[in-house]
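**Student:** Once you've had a glance at the structure underneath, I'll fire off some questions.
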Amino acid sequence: MALSKPLAIRQLIILLAIIILLIITAVVVFFNPRIMGFNTNQWLATKGHVSAQCSLGEMYEDGKGVRQDYSKALEWYEKAAEQGDINSQYNIGRMYYLGRGVPQDPYVALRWFYEAAERGHISAQYNAANINYRDLIIPDYSEAFQWYKKAAEQGDINSQYMVGGMYYFGKGVRQDYSKALEWYKKSAEQGDVHGQYMVAVIYEDGKGTPKNTTTAKEWFFKAAEQGDDDFKEKLDGIYFFGEEDEIGPAQVKLGYLYEGGYGVPQNYSKAFELYQNLAKQGNASAQYSLGEMYEEGKGVPQDYSKALEWYEKAAEQGDIYAQHRLARMYKDSEGVPQNYSKALEWYEKAAEQGNASSQFVLGHLYEDGEGVPQNYSKALEYYEKSAEQGDATPQKYLAEIYEEGKMVPQDYSKAFMWYEKAAEQGDVYAQHIVAKMYEEGKGVPQDYSKALEWFGKVCDSGRQEGCDDYRILNQPQFGISA
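Take the position in the sequence shown, starting the count at 1, then add 312; the result is the number in our numbering.
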């Protein structure tokens with residue numbers, strides 16, 4: 313049966329459309345080096361097709377469709393680069409940077425990265441910045457900052473993080489916490505775990521923005537929620553800046569929040585889990601916190617032997633808090649036989665790093681001759697080191713030593729100086745002594761007005777004796793008024 317004329321025309325049109333589509337597809341495949349095979353790429357490359365030359369270089373470099381051959385990859389990249397292909401310029405730079413088929417040379421790599429970077433190639437800009445930041449004999453932070461910023465402005469997440477870091481630490485640019493937050497946020501909003509963590513740190517510390525622990529907590533959670541297998545490695549230190557001791561990993565921070573119930577319901581089990589995950593990866597802060605939970609029985613049965621085990625791991629990495637706790641366990645025989653030798657060893661390690669508590673304990677050990685030969689000179693040395701760090705307890709104790717003439721000649725002037733330091737930190741006992749010394753002119757010129765001021769501070773702290781002394785000194789015969 314013959315087809316009607318309109319139907320035959322429609323079928324002919326459909327057939328022609330299919331043929332045209334097949335022809336277009338064939339042309340696209342043939343002339344698109346990204347999807348065609350090695351032979352076609354090679355044929356087009358020999359004819360001077362720049363994209364094919366670049367693609368052929370990539371095929372040789374990656375061993376796709378042909379045996380891997382870095383020399384031939386470089387040869388084809390160079391041919392395309394000579395025609396101005398920025399991807400090939402970048403690829404040549406990358407090969408020199410990584411030492412693929414050529415001697416590793418950051419200076420040659422930088423020259424090629426600049427070729428592509430100046431024409432807006434984001435990865436070239438980022439890598440040019442990296443070389444200036446960390447690979448030159450004399451780093452050029454200013455130059456690095458300029459290239460990171462160019463890539464960051466194009467949305468590169470790693471560059472945004474780096475710009476934030478350079479503003480935060482003042483490398484290559486004036487320190488500016490507000491701008492640091494701006495750029496960290498850009499990377500954080502794209503899901504960068506480092507950026508998320510640093511945004512949290514800035515809000516927690518109130519640098520360049522009002523302190524906001526709620527917002528800090530939210531960003532800590534965002535960072536810590538990326539708890540995949542390589543998360544701990546990613547956050548083990550904030551890369552490039554070398555400030556890992558200052559800012560630490562986010563999961564430890566999150567553990568602190570759960571342990572203390574800061575902005576979240578207190579959850580020892582969750583804190584323990586977070587600490588344990590990082591502690592097993594060798595993080596000293598987490599190891600210390602895990603030891604503390606075992607020692608105090610938080611979320612787990614109290615276990616001094618496990619506490620000792622984790623404190624030792626952290627202490628051996630230089631964690632001063634673990635060193636102090638470990639020393640105390642050996643001194644007080646907590647879960648371990650008393651061992652003054654080991655206690656002294658760990659107290660001294662922590663004290664050398666500036667731990668005020670360890671310095672204060674060492675002062676007592678030498679004063680009392682406990683586990684060491686009695687040595688007043690060393691005792692006084694450690695008390696002063698501890699007091700100079702601003703801890704009110706050793707300041708008061710040192711003041712008492714000078715006031716009573718223990719181990720040293722009696723010196724009311726020095727006693728007053730240390731009492732005043734403790735008083736200025738809000739220590740009520742020291743405030744009362746300072747008031748009395750002003751009232752009596754002991755170690756300081758008599759001054760009823762200042763005595764009244766300090767008695768008032770003691771009274772305001774809820775101590776009735778301060779109120780009584782204030783009332784007595786406020787009488788007309790003393791010639792002062794509130």
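Virtual Cβ for every residue (Gly too), placed ideally from N, Cα, C.
Assess contact between the stretch 772–785 and the stretch 738–749, defined as three or more Cβ pairs (one per stretch) separated by less than 8 angstroms. Is contact present?
**Tutor:** A contact exists between the stretch 772–785 and the stretch 738–749.
**Student:** Mapping the DSSP letters down to three states, classify Ile321 as helix, strand or coil.
**Tutor:** Helix, per DSSP.
**Student:** Measuring only from the beta carbon, is Glu777 closer than 7 angstroms to any heavy atom that is part of the ligand GTP?
**Tutor:** Although the ligand GTP was asked about, the structure shown includes no ligands whatsoever.
**Student:** When the Cα of Asp488 is compared with those of Ala357, Gln686, Gly518, which residue comes out closest?
**Tutor:** Of Ala357, Gln686, Gly518, the residue nearest in Cα terms is Gly518.
**Student:** By how many angstroms is the C-alpha of Tyr642 removed from the C-alpha of Lys483?
**Tutor:** So the alpha carbons of these two residues sit roughly 44 angstroms apart.
**Student:** Just curious, the alpha helix (DSSP H) that Ile434 is in, first and last residue?
**Tutor:** Counting along the chain, the alpha helix (DSSP H) containing Ile434 begins and ends at 434–442.
**Student:** Taking contact to mean 3 or more Cβ pairs, one atom from each stretch, closer than 8 angstroms, check whether the stretch 606–617 and the stretch 570–587 are in contact.
**Tutor:** Flag = yes, the stretch 606–617 and the stretch 570–587 touch.
**Student:** Tell whether a beta-carbon distance below 8 angstroms holds between Tyr659 and Ala626.
**Tutor:** No, Cβ-Cβ distance for Tyr659 and Ala626 is not below 8 angstroms.
**Student:** Can you tell me which of the three DSSP states Gly738 falls into?
**Tutor:** Here Gly738 sits in coil by DSSP.
**Student:** Where does the unbroken alpha helix (DSSP H) through Arg640 begin, and where does it stop?
**Tutor:** Run containing Arg640: 632–644, per the alpha helix (DSSP H) assignment.
**Student:** Which of the three DSSP states is assigned to Val420 in this structure?
**Tutor:** In this structure, Val420 counts as helix in the three-state DSSP scheme.
**Student:** Can you tell me whether His744 is buried or exposed, with buried defined as 16 or more other CB within 10 angstroms of its CB?
**Tutor:** His744 should be labelled buried.
**Student:** Do Ala663 and Ser670 come within 8 angstroms of each other at the CB atom, strictly closer than that value?
**Tutor:** It is a contact, given that the beta carbons lie within the stated cut-off.
**Student:** Roughly how many angstroms separate the alpha carbons of Asp615 and Tyr606, rounded to a whole number?
**Tutor:** For Asp615 and Tyr606, the distance between alpha carbons rounds to 5 angstroms.
**Student:** With distance defined between alpha-carbon atoms, name the residue in Leu620, Glu628, Gln629 nearest to Asp795.
**Tutor:** Because residue 795 is not part of the residues shown, which for the chain are 313 to 794, the question remains open.
**Student:** Buried or exposed for Thr358, going by 16 or more other Cβ atoms inside 10 Å?
**Tutor:** Per the 10 Å Cβ criterion, exposed.
**Student:** Just confirm the distance between the C-beta atoms of Gly753 and Ser725, as a whole number of angstroms; I'd bet it's less than 8 angstroms.
**Tutor:** So it is not a contact: roughly 12 angstroms between Cβ atoms.
**Student:** In the structure shown, what three-state DSSP assignment does Val485 receive?
**Tutor:** Coil, per DSSP.
**Student:** With a threshold of 7 angstroms on Cβ separation, who are the neighbours of Lys762 within its own chain once the five nearest residues in sequence on each side are excluded?
**Tutor:** Answer for Lys762: Tyr750, listed in chain order.
**Student:** Closest to Glu696 by CA distance: which of Met729, Asn439, Ile434, Ser367 is it?
**Tutor:** Of Met729, Asn439, Ile434, Ser367, the residue nearest in Cα terms is Met729.
**Student:** Under DSSP, the alpha helix (DSSP H) around Ser454 begins and ends at which residues?
**Tutor:** Here the alpha helix (DSSP H) through Ser454 covers 453–465.
**Student:** Are the CB atoms of Lys498 and Gln472 within a distance shorter than 8 angstroms?
**Tutor:** The answer is yes: Cβ separation under 8 angstroms.
**Student:** Quick check on Val513 - is its C-beta less than 8 angstroms from some C-beta in chain D?
**Tutor:** Absent here is chain D; the protein component of the structure consists of one chain.
**Student:** Beta-carbon within less than 6 angstroms of Trp424's beta-carbon, same chain only, minus the 5 sequence neighbours each way: which residues are those?
**Tutor:** Here the set comprises Gln401, Ile404, Gly405.
**Student:** So what's Met719 in DSSP terms, helix, strand or just coil?
**Tutor:** Three-state result, Met719: coil.
**Student:** Please identify the residue among Gln629, Gly411, His506, Phe584 whose C-alpha is closest to the C-alpha of Ala535.
**Tutor:** Looking at the Cα atoms, His506 is the closest of the given residues.
**Student:** Taking its Cβ as the centre, do 16 or more other Cβ atoms sit within 10 Å of Pro577, making it buried, or is it exposed?
**Tutor:** Exposed, because fewer than 16 other Cβ atoms sit within 10 Å of the Cβ of Pro577.
**Student:** Just verifying my parser: in three-state terms, what is the DSSP assignment at Ser773?
**Tutor:** Of the three classes helix, strand and coil, the one that applies to Ser773 here is coil, per DSSP.
**Student:** Please specify which runs of the beta strand (DSSP E), each continuous and at least 3 residues long, are wholly inside the stretch 495–530, giving them in chain order.
**Tutor:** As far as the stretch 495–530 is concerned, it has no whole beta strand (DSSP E) run of at least 3 residues.
**Student:** Can you tell me the Cα-Cα spacing of Ala596 and Gly603, whole angstroms?
**Tutor:** Their backbone Cα atoms lie some 10 angstroms apart in a straight line.
**Student:** Quick one: measure Cβ to Cβ for Ala699 and Gln707, integer angstroms, because I've assumed they're closer than 8 angstroms.
**Tutor:** Between Gln707 and Ala699 the Cβ distance is about 5 angstroms, and since that is below 8 angstroms, they are a contact.
**Student:** Can you give me the Cβ contacts of Gly675 inside the same chain, cut-off strictly under 6 angstroms, excluding the 5 residues immediately before and after it?
**Tutor:** Contacts found: Ala691, Tyr694, Tyr695.
**Student:** Put Ile331 into one of helix, strand or coil per three-state DSSP.
**Tutor:** Here Ile331 sits in helix by DSSP.
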